[in-house]
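Asker: Here it is, the structure, as structure tokens.
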């Protein structure tokens, strides 16, 4: 989820719970993904955190973050496999599944909705309970089939996922990659790529493409509230006339270094723009022992220092980096203050930052430079300036194009993107997926 989306799924389910009079049991590994309101849950919600030893939890984290995460983003050179970590990962998944089943035995729920790549091995155990429908939404990319096929855990991962009645992906590309992976790993399975169905061993798994939506009303209201703060940003930070913005979690998949290299190329080419703009990089770094992320943070800082030293003059430095977590109101202010938002992920399941920016632009101004490698590019292609995340020349060209864009073109592009975002809202996404999961219930 994006920086402004903490607890987004639970929030989207609240109206569903109220409307249907149902109950939600929310399970999460302690310290990772429990909603922020866990101590004061909304009506109809109960939050659970299975008891897992710190040592086991750390091995689970390593398997998830240091192996599965880079693997699923196609970055196999960063994927560090350790068999003991994977055994712990499997054990944690079984603990979560067992505790979920113990609660479900008391309340007889109809459906278990698994999210993302941290508990994908829970489905086999949960699917064995009669009357319980298991489904999974996959928030990260699904890479080309050969990436999973060549993984020592690829077959186990896919076989576990096929225990779900329904699997959701953000884009057609990811869904197709998954189905083609199934075809390669399980030649005897009946895989219909057009209907997006898999039949295997008397089980039927459907695949759907449903990109995650935003709570548009929330972001539009935040934009109104934060407007005075947005107007004061330039003075507070002594910013130039044009503000370019990047909002990223510290993560090598977000393409921050590549984005900085594109800005450097722009500065090399366009000396007339020196001192007339600032690029503000908002960077949220989590406390982690992941060596890949620590090395990436050093690389980001060194790249910024190099560019500022090379092009800075008379008190002006082209790049300003602001570290730390920002709340939704602060983000909404920055989204409105920025003339251009740059999202340059080298691979991204969706990227909600781009959508949040669009939702906050009630003035129908601002330009979005967006990597084609983000899942949200499929929805925002009519208005965004699309780029290849690895191409510094293309990034420089996109900056030039966006800085020179006329007001009416900005309005046309932003209006198109706002319509696209408005058609797919968070509440609709949650209800739509649940309806799909409950189709064909016996």
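Numbering (the numbering used here), first residue to last: 76 to 517.
C-beta: ideal position from N, C-alpha, C; glycine also.
No experiment lies behind these values; they were computed from the predicted model shown.
So which of 458, 422, 446 and 178 has the shortest CA-CA distance to residue 433?
Answerer: Minimum Cα distance to residue 433 is reached at 458.
Asker: At the level of alpha carbons, what is the spacing between residue 140 and residue 296?
Answerer: When rounded, the distance between both Cα atoms is 35 Å.
Asker: Closest to residue 431 by CA distance: which of 447, 422 and 413 is it?
Answerer: The shortest C-alpha separation from residue 431 is found at 413.
Asker: Can you list, in chain order, the residues of its chain whose CB lies under 6 Å from that of residue 80, leaving out five sequence neighbours each side?
Answerer: Caution applies to residue 80, whose pLDDT of 38 falls short of 50 and renders its modelled position unreliable; the model cannot decide the point.
Asker: Tell me the DSSP bridge mates of residue 188?
Answerer: 210.
Asker: Please work out which residues of its chain come closer than 7 Å, Cβ to Cβ, to residue 517, disregarding the five sequence neighbours upstream and downstream, and give them in chain order.
Answerer: Legend: pLDDT at residue 517 = 45, less than 50; position of this residue unreliable, no value from coordinates given.
Asker: Take every Cβ of the segment 507-514, pair it with every Cβ of the segment 183-193, and state whether three or more of those distances are shorter than 8 Å.
Answerer: Result yes; three or more Cβ-Cβ pairs closer than 8 Å.
Asker: Run through DSSP, which three-state label would residue 134 get?
Answerer: Note: residue 134 maps to helix in three-state DSSP.
Asker: Three-state secondary structure (DSSP) at residue 323?
Answerer: Three-state DSSP puts residue 323 in a strand.
Asker: Apart from the five residues on each side of it in sequence, which residues of its chain come closer than 7 Å, Cβ to Cβ, to residue 508?
Answerer: So the list reads 212, 243 and 285, once near-sequence residues are dropped.
Asker: Taking one C-beta from the segment 245-265 and one from the segment 368-385 each time, how about it: are there three or more such pairs within less than 8 Å?
Answerer: Flag = no, the segment 245-265 and the segment 368-385 do not touch.
Asker: Can you tell me whether residue 276 is buried or exposed? The criterion is at least 16 other CB atoms within 10 Å of its CB, across all chains shown.
Answerer: The residue is exposed, with fewer than 16 neighbouring Cβ atoms inside 10 Å.
Asker: On the CB-based measure, 16 or more other CB atoms within 10 Å of its CB, does residue 175 come out buried or exposed?
Answerer: It is buried - the Cβ of residue 175 has at least 16 other Cβ atoms within 10 Å.
Asker: Identify, in the order they occur along the chain, each residue of the same chain with its Cβ nearer than 8 Å to the Cβ of residue 349, setting aside the five sequence neighbours on each side.
Answerer: For residue 349, where only same-chain residues beyond five positions count, the Cβ hits under 8 Å are 342, 386, 388, 391 and 393.
Asker: Quick one: what's got a C-beta closer than 6 Å to residue 378's C-beta in the same chain, skipping five residues either side?
Answerer: These residues qualify, in order along the chain: 332 and 335.
Asker: I need the DSSP call for residue 104, collapsed to helix, strand or coil.
Answerer: Coil, per DSSP.
Asker: My guess is that residue 464 and residue 446 are in contact by the Cβ rule of under 8 Å, so how many angstroms apart are they, rounded?
Answerer: Indeed, because the Cβ distance is near 4 Å, the residues count as touching under 8 Å.
Asker: Going by other Cβ atoms of all chains shown within 10 Å of its Cβ, with 16 needed for buried, is residue 397 buried or exposed?
Answerer: Residue 397 is exposed by the Cβ-count criterion.
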